Amino acid sequence: MCRHLAYVGEPVTLAELLLDPEHSLRHQSWAPRDMRGGGTINVDGFGVGWYPGDGAPPVRYRRAVPIWGDTNFSSLARSIRSGAIVGAVRAATPRMPVVETACAPFTEDQWLFSHNGVVRGWPEVVADVAARLPVLDLIQLEAPTDSALLWALVRDRLRSGMSPVKAVAETVTEVYEAAPTARLNLLLTDGETIVASTCGHSLWTRPGTVASEPFDTSGDWAAVDDHRIVTVTRTGTTTEAI
1 MCRHLAYVGE PVTLAELLLD PEHSLRHQSW APRDMRGGGT INVDGFGVGW
51 YPGDGAPPVR YRRAVPIWGD TNFSSLARSI RSGAIVGAVR AATPRMPVVE
101 TACAPFTEDQ WLFSHNGVVR GWPEVVADVA ARLPVLDLIQ LEAPTDSALL
151 WALVRDRLRS GMSPVKAVAE TVTEVYEAAP TARLNLLLTD GETIVASTCG
201 HSLWTRPGTV ASEPFDTSGD WAAVDDHRIV TVTRTGTTTE AI
């Protein structure tokens, strides 16, 4: 499992969002509060994606080490500012590799994607689901992991012109039907709108932000019920059933 977050709003440094808060992603990598039996720590890698502005595609930084073990990132994070950021810390599932390419966020064009959860019974349980993808997409999966496959499924729908909300909802539904014990908290953004699902794991929102766990003690966090799709923009939040 993992912890992840996404933010859209006024530009902030990566450190202000990911490192400095009392219960930041760095803190959650070794002391998460709500894993719901899905592991105990998140030290098998991390990743950050941010949008530099002016319509440019997102920039991504990933490492297969704990977020607190990368001193270069700690330095970089204080000099990089963005108004749209995704961060994730990873807990690798047994049978899945601890490699940089397995770390979220995954990206293509303007999209950043993250998965918090697990597809139990991987890979056999989703073989039929995977079989509907183009062969080239399967060959080019960034890593042999459930998260990489989930990204390929979402991306395939986005490429067909499907809306982000529908792409996430249909992917969760399809995989959950094949693997009813799966945990499928997905997160997708284009730098303007965040779409996130809840399926088995915690998710919280506040204006402009979604996160697996509140990372500070401000009073404006709201928990999201299970099996929901949340859409967050700079101006508001909406929630609907999957």
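Sequential numbering from 1 applies to the sequence shown in the UniProt record's numbering. For every residue, glycine included, the Cβ atom is placed at its ideal position computed from N, Cα and C. Bear in mind the structure is a predicted one, so any value in this text is a computation, not a measurement.
Item                                                                                          : Value
Inter-residue spacing [alpha-carbon to alpha-carbon] between V210 and D128                    : 31 Å
T192 to P52 span [Cα, whole Å]                                                                : Per the sequence shown, residue 192 should be read as Glu rather than Thr. Their Cα atoms are separated by approximately 12 Å.
Nearest to D20 (by Cα), restricted to the options E124, T181, S75, R33                        : S75
Opening and closing residue of the beta strand (DSSP E) in which Y7 lies                      : 2-13
Per-residue burial, A91 [other beta carbons within 10 Å of its own, 16 or more giving buried] : buried
Own chain residues within Cβ distance below 8 Å of E174, not counting five before or after    : V129, L153
Beta-carbon proximity check, P66 vs S114, cutoff 8 Å                                          : no
CB of V168 within 8 Å of CB of D146, strictly                                                 : no
As assigned by DSSP and simplified to three states, the class of L186                         : strand
Status (buried if at least 16 other CB within 10 Å, exposed otherwise) for T107               : buried
Test item: CB-CB of R234 and W221 under 8 Å                                                   : no
Contact set for E22: own chain, Cβ-Cβ below 8 Å, skip 5 residues either direction             : F215, D216, T217
As assigned by DSSP and simplified to three states, the class of R63                          : strand
Option nearest E142 by Cα separation, candidates A88, V99, A56, V8                            : V99
CB contact check: D54 to chain C, cutoff 8 Å                                                  : No chain C appears in this structure, which consists of one protein chain only.
Start and end residues, alpha helix (DSSP H) containing W30                                   : 25-30
CB of V232 within 8 Å of CB of G200, strictly                                                 : no
DSSP three-state assignment for E108, whether helix, strand or coil                           : strand
Strand pairing of R206, partner residues [DSSP]                                               : T209
DSSP three-state assignment for T173, whether helix, strand or coil                           : helix
Three-state class that DSSP yields for W50 in the structure shown                             : strand
Residues bridged to H201 [DSSP beta-bridge criterion]                                         : H201 pairs with nothing; no bridge assigned.
Rounded straight-line distance, which links the Cα of V230 to that of G55                     : 24 Å
Limits of the unbroken beta strand (DSSP E) element including V230                            : 228-232
V43 - DSSP class collapsed to helix/strand/coil                                               : coil
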